[in-house]
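With the first letter of the sequence shown counted as 1, position 100 gets the number 100 in the working numbering; the numbers rise by one all the way through.
Idealized CB from N, CA, C, for every residue including glycine.
Here the structure is a predicted model, which means the values were calculated and not measured.
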Amino acid sequence: MMAQALPQHLRKYVVQQNYDKYTPVDQACWRFVMRQLKAFLSTHAHECYLEGLKKTGIEIEKIPRIDDISKKLEQFGWRALPVSGFIPPAAFMELQSLSVLPIASDMRAISHLMYTPAPDIVHEAAGHAPILVDPEFAQYLKEYAQVAKKAIISDEDLRVYEAIRRLSDVKENPNSTDKDVAQAQQNLDQVISQTSHASEATELSRMNWWTAEYGLIGDLKNPKIFGAGLLSSVGESKWCLSDKVKKIPLTLDCIHMSYDITEPQPQLFVAKDFQTLTKVLHELADTMAFRQGGLEGIKKAIRAKTVNTVQLDSGIQISGQCTEVLTNSENNKPIYLKFQGPVQLSYQDQELPGQGSKYHSQGYGTAIGPLKSHSTQQLQALVDTKVRLEYLSGVVVEGVLKSVLEKQNHLLLLGFDQCTVQYQNQVLFEPAWGTYDLAMGLEVTSVFGGPADRASYGDLDDFVAARVPEPKYTTEQLQKFSLYQKVRDLRDQKIQGIQLESELQSVLNAADKDFSKDWLLRLESYELILARAPDSELKNQLSERLSTLSKELGPEGMLIADGLSLADQL
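Below you can see the structure in the form of structure tokens.
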């Protein structure tokens, strides 16, 4: 699927991969991470993982082209598209509901090889894509995305997302100072502290986090990894299986467990199998407003302070920010709905002619519930006459009936001129306000997130599409890139023996002069010497230097040890 085939509001997140932007250091980082992940996950990931890497065309030696992954995924009913960094969860889910895997095209920095606070191509391509070859998981992901599309998102969610993305971007930016990180963290803490409730979108994002992102599967005491966040993190994939991380059987209770996207997780959930994911998803869906409707669904929409859709039993859909509901004092059922503009009226997710957000730009209100009298046939005969409609609730609509709209034998909408709407002593609509469009329906059957006809509704004041800025490299960085490229060329060209020793000595002399702490360049050089010039004195020199660096570099020293453990597997 090309980006042009996507709904308009999703296209803004799609970018070109621009393969030439990957530096030789990026390629070396990819290779290091993938070698480590494949070695560990071959025995600790779900059984489909290694098969998935092969079938989705994800190579160990170089960063994959997303177009190539997409072509491989087509045989499993999916496609892949490159996106820029941290896109909104709602957009991510909607793309997945269209069987599109969004892949962040950026590559993590060498300082974040163990764990990256921002989505990158390792996380998306090596984490999400391989598990899609399992038909049960792929089906769960599609079903999940369909449910997530219906979730009501709150204005608080939007603020939290922006703060999380800001912190994630700041942490990943090599130019950020400790002060920058502290300020971004403080901003996130403040926004979270101001959150009054967990919205449906929050609950759905938690379920996604504890399953598709950080899920474990199988036996509680010896689980396997299937979550993309774990499959793409050298550090967390090992940490998560230790006794230091609490393992909890997956149930619907996972939606009550919050998470910090920028830190390793202190507890994880274990699903018995992929069918368990679908079971819990259905349990969650049954609690949501799109299935429950009614007064509780309306209250969720009002509390969210965002654009949502209220659907009546006739099928008519009212999309806008619901601000107030009047209820019957006897049975507490909704009898009148008020919306803040712009508002759209639709049927079967298609905007009704003349009932778009520009027409209802100032808001909308409608009575709902049973009438005391009047059938559809009677109303058709009363067009262009003065009509008085009395609801059992006590709401009265009185005006000149100008139009009656039916679809598939469902009475959807009445249009009135010179109309007054009253309930007890309260005037709900006055003739001076123009035409009154009365949505017909006995009850609210569904309330769901966003407008019914998103393409026709117009721009929403929601997430801003961010673009990861292109880095500007210094002369020193460019020099480092040339050394990394030289080592890669030597590996690709199968150079060995004395020639390899001579070429590498030149690279290492330059590294000793200008990049004395660069361990990855030396590790890749050591791998080559070990395999192709094992009798060279360089082997011992590199081994000693890497040993020294592993002691000097603190946490990075563990990476050196991990790299050395695979050094003989060129």
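Item	Value
Between the alpha carbons of V122 and G557, how many angstroms are there, rounded?	22 Å
Is the region 286-293 touching the region 442-451, taking contact as three or more C-beta pairs under 8 Å?	yes
Have a look at T385 and T435 and give me their C-alpha separation to the nearest angstrom.	15 Å
Quick test of your reading: F448 and N308, contact by CB under 8 Å. State the CB separation rounded to the nearest angstrom.	7 Å
Which runs of the beta strand (DSSP E), 3 residues or longer, sit entirely within the region 95-128?	100-104
Please go through the same chain and pick out, in chain order, the residues whose beta-carbon is closer than 7 Å to the beta-carbon of W239, but skip the five residues on each side of it.	V245, P264
Can you round the beta-carbon distance between V170 and V191 to whole angstroms, since I take them to be within the 8 Å contact cut?	With a Cβ gap of about 15 Å, V170 and V191 do not count as contacting.
From what residue to what residue does the alpha helix (DSSP H) around L504 run?	497-514
So if DSSP puts N308 in a beta bridge, which residue, or which two residues, is it bridged to?	G320, G449
Rounded to whole angstroms, how far is the Cβ of E324 from the Cβ of K333, which I believe are closer than 8 Å?	No, E324 and K333 are not in contact; Cβ-Cβ is about 15 Å, not under 8 Å.
I'd like to know whether the C-beta atoms of K402 and D417 end up nearer to each other than 7 Å.	yes
What would DSSP say about G52, mapped onto helix, strand or coil?	helix
Apply the 10 Å Cβ neighbour rule to I498 and answer buried if 16 or more other Cβ atoms are within range, or exposed otherwise.	exposed
Kindly list the residues whose CB is nearer than 8 Å to the CB of L530, restricted to its own chain and excluding five residues on each side of it in sequence; keep chain order.	K539, A567, D568, L570
Per DSSP, what kind of secondary structure is E263 in: helix, strand or coil?	coil
Checking 7 Å against the spacing of the C-beta atoms, do L521 and Y484 come in under that value?	yes
Does DSSP put M406 in a helix, in a strand, or in coil?	At residue 406 the sequence reads Glu, which differs from the Met that was named. Reduced to three states, the DSSP call for E406 is strand.
Could you round the C-beta distance between T232 and M114 to whole angstroms and report it? I think they count as a contact, below 8 Å.	At residue 232 the sequence reads Ser, which differs from the Thr that was named. Between M114 and S232 the Cβ distance is about 11 Å, and since that is not below 8 Å, they are no contact.
Indicate whether the contact test is met: 3 or more Cβ pairs, each with one atom in the region 172-185 and one in the region 132-149, closer than 8 Å.	no
Just tell me which of Y364, P64, F269, E203 has its CA closest to the CA of Q340.	Y364
Return yes when the Cβ of D260 is within less than 7 Å of the Cβ of S199, no when it is not.	no
Whose C-alpha, out of S258, L220, T251, is nearest the C-alpha of S571?	Because the chain is modelled from 1 through 570, residue 571 falls outside the range shown and cannot be assessed.
Within the continuous alpha helix (DSSP H) that includes Y457, where are the two ends?	454-457
Look at S525 and V487 and say whether their C-beta atoms are less than 7 Å apart.	yes
Assign E527 to one of two classes, buried (16 or more other C-beta atoms within 10 Å of its C-beta) or exposed (fewer than that).	buried
Given a cut-off of 7 Å, decide if Y391 and G369 are closer than it, judged by their beta-carbon atoms.	yes
What do you reckon, are the CB atoms on K72 and G57 nearer than 7 Å?	yes
Can you tell me whether DSSP reads R545 as helix, strand or coil?	helix
Can you list, in chain order, the residues of its chain whose CB lies under 6 Å from that of L382, leaving out five sequence neighbours each side?	L401
Span of the alpha helix (DSSP H) holding D492?	475-492
Compute the beta-carbon to beta-carbon distance between D453 and Q344, rounded to the nearest angstrom, for a pair I have assumed lies under 8 Å.	6 Å
For the beta strand (DSSP E) that contains G365, what are its first and last residues?	364-367
Roughly how many angstroms separate the alpha carbons of V14 and A129, rounded to a whole number?	17 Å
What does a CB cutoff of less than 6 Å around D134 pick up in its chain, not counting 5 residues either side in sequence?	C48
Give the DSSP-derived three-state secondary structure of N328 in the structure shown.	coil
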